[in-house]
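Chain order of the listed sequences is A and B.
Counting in our numbering, the final residue of the first sequence is number 946, and the numbers go up one at a time with none missing.
Counting in our numbering, the final residue of the second sequence is number 406, and the numbers go up one at a time with none missing.
Here a beta-carbon is modelled for each residue, glycine too, at the ideal position from N, C-alpha and C.
Worksheet for the structure shown next.
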Amino acid sequence: MPGLDPHVEAELRRGVLQLVALCLLEAPRYGYDLVRLLAQAGFEVEEGTLYPILRRLEQQGTLASSWDTGGARPRKYYRLSPDGRRQRAELALAWRRVRDATDAALTEVSS
Amino acid sequence: MTLKSPEARAYLERLRDLLPAREAGRVVTEVESLIFDRVEAEGAGVLQEEAERRALAHLGSPDVLVDTLAEAPLQVGWSSRRAFTRWFSVLAAGHLLFSILLTVGQAEHAAVPGLLGPLPLAPWWGTVSAALGIVLLDAGLMFVLFTLLGAWGRRGGLPLPGRARGWTRVEALRTLVLLALLALIAHPLRDEIFAVRRGATATPFLAPDLVALLPWLDVVLGLVALRALLVLSGKADAPLTHAIDMLAGLGGVLVLVLAATRHEIVRLPAAVLGQEVAGVLASIITRVLMLVFVAAALLLAVAVIKRLARLRQVLAA
Chain A
836 MPGLDPHVEA ELRRGVLQLV ALCLLEAPRY GYDLVRLLAQ AGFEVEEGTL
886 YPILRRLEQQ GTLASSWDTG GARPRKYYRL SPDGRRQRAE LALAWRRVRD
936 ATDAALTEVS S
Chain B
90 MTLKSPEARA YLERLRDLLP AREAGRVVTE VESLIFDRVE AEGAGVLQEE
140 AERRALAHLG SPDVLVDTLA EAPLQVGWSS RRAFTRWFSV LAAGHLLFSI
190 LLTVGQAEHA AVPGLLGPLP LAPWWGTVSA ALGIVLLDAG LMFVLFTLLG
240 AWGRRGGLPL PGRARGWTRV EALRTLVLLA LLALIAHPLR DEIFAVRRGA
290 TATPFLAPDL VALLPWLDVV LGLVALRALL VLSGKADAPL THAIDMLAGL
340 GGVLVLVLAA TRHEIVRLPA AVLGQEVAGV LASIITRVLM LVFVAAALLL
390 AVAVIKRLAR LRQVLAA
């Protein structure tokens, strides 16, 4: 019997990627740093996927950004804005609703 | 620190070319910074050129990246305005063209009362006012349409032929509605709308050569409808959906090329204008339309390439 298609799990993870990224951006982080932390958290994502998301969130006001020019070269840092915190709370609520509904359905199957 | 590999420099140049001028500088700087971050983190023991090439692999194709940026749901103001401008330009240009056709064909009655009819030829300011009226009317119609469809101030707007991004269900539904309208115009209403009316007679002005292509157009529109139905059934990102999308684009290019290579595209009423004048005017209009079809085919061909890239991306994923 074939196992679970890995794309299915990837799709599931993609659905919550934004929420996880918003959790990691409580502290200021630059793009590659976030890619690395997401990978450590089990969310493999390429810069080509993450960058448009960061840019979109920045334009939406969910993220604030600043350039650090103190190092060898400038580096852009992103962090959650106050509005982003509200959005993250709403996303978290939505996620919990989905998770609870899924758990309830799974419990029913296993009982 | 500067980029050393020609591939990385070409990548950023390509980004700069593809992006609107006011966005290009910022995005290129940010993407360059992403490349350096990856090179710094993973480039130990590797030549910088090689590390840069590896970093590019994590960014994907510049065309796809720009496409994703342009379609990003929060780049809304910009993409909405662009969608509005494109649709308004197409509508106003088509509307003006048909009005001019009816005018040179000396039509006495409007094809669609209040909306599509011949322009008055005198006084001169009457002609100018009528042309201006068409532009304002179309702008108003598009504004109402965008507002009703909820596209103004939000993402993307109406579905555009060149999009490589997948549709949402709402967009798929809008597409089906638009396709139904197109089918009505292309078939039962064709000879009503595309006709010069004088007295009780209406003379269709689309040449038989062009009308003969309609079954091919139907096939293309059918593919677009099939894609919309697949999106509605929750298969927006399935390889089959992307394959159909690409086929529809390819079919569109072929139909446009066929249309551009017809001997005759419009046929004006010779009984009214005289054989010679009707022939000369029809020839001029046919050549203008040929240019339009060729330009549209080229633009659509670019979109097909993007769709092919998207299909490969989906298959690889």
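Is G905 of chain A close to chain B, meaning its C-beta is less than 7 Å from at least one C-beta of that chain?
no
Give a yes or no on whether the minimum CB-CB distance between Y954 of chain A and chain B is below 7 Å.
Given a span of 836 to 946 for chain A in the structure shown, any question on residue 954 of chain A remains unanswerable.
message = Using the three-state DSSP reduction, which class does K911 of chain A fall into: helix, strand or coil?
response = strand
Review point. Along chain A, in chain order, which residues have C-beta atoms closer than 8 Å to that of D126 of chain B?
Key: Y865, G866, Y867, D868, R910
Exercise. Look up V344 of chain B in the DSSP assignment and say whether it is helix, strand or coil.
Key: helix
Q | Selected residue, minimal CA-CA separation from H276 of chain B, among B:V259, B:D307, B:G288, B:A289 | A | B:D307
### Task
Name the residue from B:A337, B:T292, B:K93 whose alpha carbon lies nearest to the alpha carbon of R396 of chain B.
B:A337
Using a beta-carbon distance below 7 Å, is A398 of chain B in contact with chain A?
no
Chain-order list of residues whose beta-carbon lies under 6 Å from that of G892 of chain A (same chain, five-residue window excluded)
One detail in the question is off: residue 892 of chain A reads as Leu in this sequence, not Gly. Around L892 of chain A: L898.
Starting from the Cα of L148 of chain B, find the closest Cα among A:R871, A:E943, A:R931, A:L885 and give me that residue. A:L885
Within the same chain, show all residues whose beta-carbon is closer than 7 Å to that of G340 of chain B, passing over the 5 residues directly before and after it, in chain order. V308, V309, L312
Those residues which DSSP pairs with S945 of chain A across a bridge
According to DSSP, S945 of chain A bridges with nothing at all.
For the alpha helix (DSSP H) containing P841 of chain A, list its first residue and its last residue. 841 to 859
Task: Segments of 3+ residues assigned as beta strand (DSSP E) that fall wholly inside the segment 872 to 940 of chain A - done: 898 to 903, 910 to 915
Please name the residues in the segment 873 to 888 of chain A whose beta-carbon is closer than 7 Å to at least one beta-carbon of chain B, in chain order. E881, E882, G883, Y886, P887
request  = Using only alpha-carbon positions, find the residue among B:R351, B:V361, B:R356 that is nearest to R287 of chain B.
outcome  = B:V361
If you reduce the DSSP assignment to three classes, tell me which class R864 of chain A lands in. strand
>> Contact criterion: CB-CB distance below 7 Å. Does E119 of chain B meet it with respect to chain A?
In response: yes
From what residue to what residue does the alpha helix (DSSP H) around P207 of chain B run?
No alpha helix (DSSP H) contains P207 of chain B, which DSSP labels as neither H nor E.
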